[in-house]
Amino acid sequence: MLRPSFDAHVFVYRDPVDMRKSINGLAAIVEAELGHSPMNGALFVFCNRSRDKVKLLYWERNGFVLWYKRLEKHKFKWLNPQETKDSIEVTGKQLNQLLDGLDIFQQPHQSLFYDNVG
């Protein structure tokens, strides 16, 4: 099975995408909404509304590669569109964890700081 390297540059698009979109439609989202060139060597990750399908788009030397995964039973853990900007950058390792079903978007508890009043 092919998987991204752990040091890959990865951008996860937050909004659901119609999985009928192919290379041209996804590349247009990368340019228009994310402000990136789809040919910069980064991986761009898209998910559908029901979160059971994922597509990865990337440029490899002389052409685009489109990678597609459909889950049969479970759902991908995904970004909350109300809480994030258009995309977030993650590592290749995090992308592999996402593809394995882990929630890489969990936020840790905020640190509390108290003044020493006394």
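The opening position of the sequence shown corresponds to residue 170 in this note's numbering, with each subsequent residue numbered one higher. Note that beta-carbon positions come from the ideal geometry of N, C-alpha and C, so glycine has one too. Being a predicted model, the structure only gives us computed values, none of them experimental.
Quick one, are the C-beta atoms of residue i and residue j less than 8 Å apart?
i                 : j                 : result
phenylalanine 175 : lysine 244        : no
tyrosine 237      : valine 214        : no
valine 234        : valine 179        : no
lysine 246        : phenylalanine 274 : yes
leucine 271       : proline 173       : no
histidine 205     : alanine 211       : yes
Expressed to the nearest angstrom, what Euclidean distance is found between the alpha-carbon atoms of residue i and residue j?
i              : j                 : result
alanine 177    : arginine 218      : 25 Å
glycine 232    : asparagine 249    : 32 Å
isoleucine 192 : glutamine 266     : 24 Å
tyrosine 227   : aspartate 255     : 18 Å
arginine 230   : methionine 208    : 9 Å
glutamate 200  : phenylalanine 282 : 41 Å
Going by DSSP, name the residue or residues bridged to residue i.
i           : result
proline 185 : Cys216
serine 256  : Tyr182
Go through its chain and collect everything with a Cβ distance to residue i's Cβ below 6 Å, but skip five positions before and after it.
i              : result
aspartate 221  : Leu240, Lys244
glutamate 202  : Asp255
proline 185    : Asn217, Arg218
isoleucine 257 : Val181
Looking only at its own chain, which residues have a Cβ that is under 7 Å from the Cβ of residue i, when we skip the five neighbours before and after it?
i            : result
arginine 189 : none
Which residues in the same chain as residue i place their Cβ atom closer than 8 Å to its Cβ, once the five residues preceding and following it in sequence are excluded?
i           : result
leucine 171 : Trp236
leucine 112 : Outside the shown range of the chain, which is 170 to 287, sits residue 112, and nothing can be said about it.
Task: Unbroken stretches of the alpha helix (DSSP H), 4 residues or longer, contained in the stretch 192–254 - done: 192–201
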